[in-house]
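Notes for the one structure printed next.
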Amino acid sequence: MSKQRVIVIGGGLAGLAATMKMAELGMSVLLISFQPVKRSHSVCAQGGINGAVNIKGEGDSPDIHFYDTVKGGDFLAHQPLCKDMCHHAPYIINLMDRLGVTFNRTAEGNLDFRRFGGTLYHRTAFAGATTGQQLLYALDEQVRHYEVQGLVEKMEWHEYLGAVLNNDGRCVGAVIHNLRSGEIRSEKGDAVILATGGPGMVYGRSTNSMVCTGTATTSAYLQGAKYGNGEFIQIHPSAIPGRDKLRLMSESARGEGGRVWVPRKAGDARTPKQIPEKERFYFLEERYPLFGNLVPRDVGAREIYDICVNDGLGVNGEMKVYLDLTHHTREFLDKRLGGILEIYEKFTGVDPREEPMEIFPAVHYSMGGIWTDYTRTEEGLIDHQSPQNQMTSITGLYAAGEADYQYHGGNRLGANSLLSCIYTGLMMSPGVVNYVNNVPEAAEDVPENVYTEASKNWQNKYSEIKKMSGNENPYALHRELAEQMISNVLIVRENSKLEATLDKIDEFEARWQNIKCVDTTDWSNPVPSFVNQLWNMIQLSKIIAKGALLRDEFRGSHYKPEFDLNQPGDFKPETYLEFEEQKTAGQLNESAFAPAHLDYMKRFSANNKKWLKTTIATYKAGTSGSAGGPEISYEEVDESLIAPRPRKYD
Amino acid sequence: MPDTVTFKIKRQDSESSKSYWETFVIPYIPNSNVISCLMDIQANPENSKGEQVTPVVWECNCLEEVCGSCTMVINGKVRQSCSALVDQLEKPITLEPMSKFPVVRDLAVDRSRMFAALKKVKAWVTADGYHDLGPGDRLPPNHQEVAYKLSECMTCGCCVEACPQYNLENNFVGAAAISQSRLFNMHPTAKNIADERLDTLMQEGGIADCGNAQNCVEACPKSIPLTESIAEMGRQVSGKLWRNIFKA
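These protein sequences, in sequence, are chains A and B. Take 123 as the starting number for the first sequence in the working numbering and just add one per residue. Take 42 as the starting number for the second sequence in the working numbering and just add one per residue.
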């Protein structure tokens, strides 16, 4: 065995899946995490993991899963990756079952599946309502086994600061900060994988965990890596309000029959149980008879916004609606949703088995992330041996899981994130190993000064941070940044507000210089790290806000009412396929279409031509004094397998 | 409604330094939990004497009682600080680090011993590989119900903090690890090395160290039936002892 190794940053599902798969292939792995990997944010995923196993005999198949995923993402996802992922999904679920995940069972003892948003099939395997936790534990156990065997070395309580780049700009290691001793040093690695999750903390309170600052991917961006689709931030329709965090109320609550409603009368002061059935407005069921409460998340969040803000029907006039499970028996609810109902009860003091829950939309997931590559086969699948798979635009630096950008397009379907995390980790591993086996120069042979200079650069930055003695508290400044983002870059986006937000972010950036490092001690001091993370969050908020400002359309989670194409209510998406077919054949018969439909289809087609593209943010360093920011450009999306068409869920 | 909330926090600057108490009086805000208050202290780290001090260091991540990170002793009881709601706590609120682990700083402790125990009891499934080997075994729903409950253990440390037998000096594996050995000994393939787990539990620091105080099951935030697990593993260990005797 050579001394070569791969550094994996982050111990959530993607990082652990890559670690165990590479270890299986004989590759040594150094696994770096803020905290014990068992505490990673993947534990927060609740409802389940998608895979067309077709246990219920509904005729489900990986191709239908693929179609639902691409349609759910409003056609912005890269189709070969989605197809390969969906085709591997049943195998991944079987693998996780073999590895000990305590999935719920049918009477016969098969894996049980439930429904989730954006599909009409029972496709979601689940372990109670803590599926992410259960999947993470199974991978954590595999990695622990490899740790005992010596193939994996874990460095928990360490933070990734940046990539070590050699003179050719190739990634040959990582600069690591020991969160206890404060030591900053470089670790050699022939490849580095960022499996560092999403950036929810940019919005302050979200459903994300505290470590989800996006700081690692932003650091890669600041080092020259491209960032893709930053403006596509998923707002989950159902969360529980909280001062410190907005706790998720899983989509599985609706998958198991939970009904969303508001009182028909604005400001109705009665308790929910006092309101008779006919005075309840089940607005999702009425507006979307086919998908009902299981419309995709972007649609659900927008409808809740609409009913509360535009119609003024929110519970007690606030941005809240009821999510009602009280028609089920306690036994049913405890077996299938126990974990999340306990959380609701613990944090609100109300028993959701007896009283409808009060929920509201919250920042949940980033479809965008660091740009990564792939190699497709002729059949439109992925060549798993290719070293390009999941590689960022910095050679040797990879990304996986929520940190990457290309699987979920403009909107992710529920229960596809656990799948994409495990899939990317497993799929990329053979290619990364091939890359490492063929590097022009092993990290061992890279001149030592490359590493010492990288360490020194970060040591200097941190000692500068520790000297900061202005009058801004970094945590208070973070709250202000978050407030801006929540107010202006959320469900409904307007250009004037986005412009103002970008100005505000520049102000925050200037105020960052005036921070007081409120703890300057050496031992186990989280403050300098937070100050650095805040800088990165400011940079990332620019990517999100600028991408949103420039994208003048309505796609998936990115909703600008001004650019809504207003699909006619009686329009059928198949009509558009016919229209496109006729156009391609050069035989467009305009009179065959209703005028309103024709007009809509022409606008839809023109809009796609302009905007069905990946947003790419590239960091441009500022000139004297200014910090610089993202330059935005657009890239083609591989949409060769399923023709883009208007989405419809009613 | 009170205007303020008082926190008495046991602080310690480093692993070897002496601990001290510091009081913080912060504005009362409805629907607070202990963590949102610690965040308020971060944003304005001023103690009750009006001195600017370093923000309190504590561990947390998910804030919804599923990662296990933010465990501490609150008003004398070990629990997660995210689910400790201020309105339900007696005031002033005292916060202390767990006492069964070395303190890192303030409320943060080093729980690596718990993860080491998971290695000792081989808490994993031995897989032939991660390629496609088809589905796992069919299992009845009641098997899943037992296993799922055990598998919710988040290695938070409540059970061992509450345990009179577990301390900084000995090497007892503790209730969490014993319960995990039960989980894997009931798994259709992980039970292939059940005996190895029992061997570990027979050694010093194993199941014989349990004094049957039953505090663990009371303290577990996930209501895992830890005493049942200990009893079950006790039976399995006795069975193996008898088998060993007859083999000899």
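Ideal placement from N, C-alpha and C gives every residue a C-beta, glycine not left out.
Closest option to A/GLU263, judged by alpha-carbon separation, among A/LEU135, A/ALA522 and A/ASN636: A/LEU135. By a beta-carbon distance limit of 8 Å, A/ASN533 contacts A/PRO418. Their separation comes to about 6 Å. Here A/ILE608 is actually not in contact with A/ALA667; their C-beta atoms are around 12 Å apart, not less than 8 Å. Here the alpha carbons of A/SER539 and A/GLY523 stand approximately 8 Å from one another.
Remark: C-beta atoms of A/MET489 and A/GLN356 approach each other more closely than 8 Å. Looking at the backbone, the Cα of A/PHE701 and that of A/GLY553 are separated by about 41 Å. Sequence-distant Cβ neighbours of A/TYR756 in its own chain, meaning closer than 7 Å and more than five residues away, are LYS735, THR736, THR737 and ILE738. Think of a sphere of 7 Å around the beta carbon of B/LEU180: the chain A residues whose beta carbon falls inside it are ARG227 and GLY231, in chain order.
The Cβ of B/TYR171 sits closer than 8 Å to at least one Cβ of chain A.
No Cβ-Cβ contact shorter than 8 Å links A/ILE492 with A/THR517. When rounded, the separation of the alpha-carbon atoms in A/VAL611 and A/GLU753 is 19 Å.
Restricted to the stretch 273-314 of chain A, the beta strand (DSSP E) segments that are unbroken, complete and at least 3 residues in length are 274-278, 280-287, 293-300 and 306-310, listed in chain order.
Membership of A/PHE701 in the alpha helix (DSSP H) is indicated by the continuous run 695-706. Looking at the backbone, the Cα of A/TYR268 and that of A/LEU233 are separated by about 28 Å.
Contact check for A/LEU152 and A/GLY311: beta-carbon distance about 6 Å, within the 8 Å limit, so the pair qualifies. Contact residues of the stretch 325-339 of chain A toward chain B are SER331, MET332 and VAL333 (C-beta to C-beta distance below 7 Å). Taking a C-beta distance under 8 Å as the contact criterion, A/GLY173 and A/ILE215 qualify as a contact pair. Chain B has no Cβ within less than 8 Å of the Cβ of A/CYS208. At a cut-off of 8 Å between beta-carbon atoms, A/LEU198 makes no contact with chain B. Between the C-alpha atoms of B/GLY117 and B/LEU136 there is a straight-line separation of about 8 Å. Identification of residues in the stretch 166-186 of chain A having a C-beta nearer than 8 Å to some C-beta of chain B yields CYS166, given in sequence order. Taking 8 Å as the upper bound on Cβ-Cβ separation, chain B lies near no residue of the stretch 481-501 of chain A.
Around the beta-carbon of A/ARG127, 16 or more other beta-carbon atoms lie within 10 Å, marking it buried. In the DSSP assignment, A/GLU757 falls within the beta strand (DSSP E) that extends over 750-758. Excluding residues up to 5 positions away in sequence, VAL98 lie with their Cβ nearer than 6 Å to the Cβ of B/ARG146 in the same chain. For the stretch 97-109 of chain B, the residues whose beta carbon sits under 8 Å from a beta carbon of chain A are, in order, VAL98, GLU100, CYS101, ASN102, CYS103, LEU104, GLU105, GLU106, VAL107, CYS108 and GLY109.
Excluding five sequence positions before and after A/LYS638, the CB atoms of its chain that fall closer than 7 Å to its own CB belong to MET590, SER591, GLY592, ASN593, GLU594 and ASN595, given in chain order. Nearest in C-alpha terms to A/SER360, of all of A/GLY708, A/GLN168 and A/TYR722, is A/GLN168. For B/ILE67, no chain A residue has a Cβ inside 7 Å of its Cβ, as the nearest lies near 12 Å away. For B/VAL214, the closest alpha carbon among the candidates B/SER192, B/LYS232 and B/LEU242 is that of B/LEU242. Cβ atoms of B/THR112 and B/CYS199 come within 8 Å of each other, at about 6 Å. Not one beta carbon of chain B lies nearer than 8 Å to the beta carbon of A/GLY439. Of the residues A/VAL294, A/HIS449, A/ILE154 and A/GLY678, the one whose Cα lies closest to the Cα of A/GLU476 is A/HIS449. Within the stretch 333-358 of chain A, complete alpha helix (DSSP H) segments of at least 4 residues are found at 337-344, given in chain order. Annotation: the stretch 452-487 of chain A contains the following complete segments of the alpha helix (DSSP H) (minimum length 4 residues), in chain order: 452-470. For a Cβ distance threshold of 8 Å, nothing in chain A lies close to B/THR241: the least Cβ distance comes to about 13 Å.
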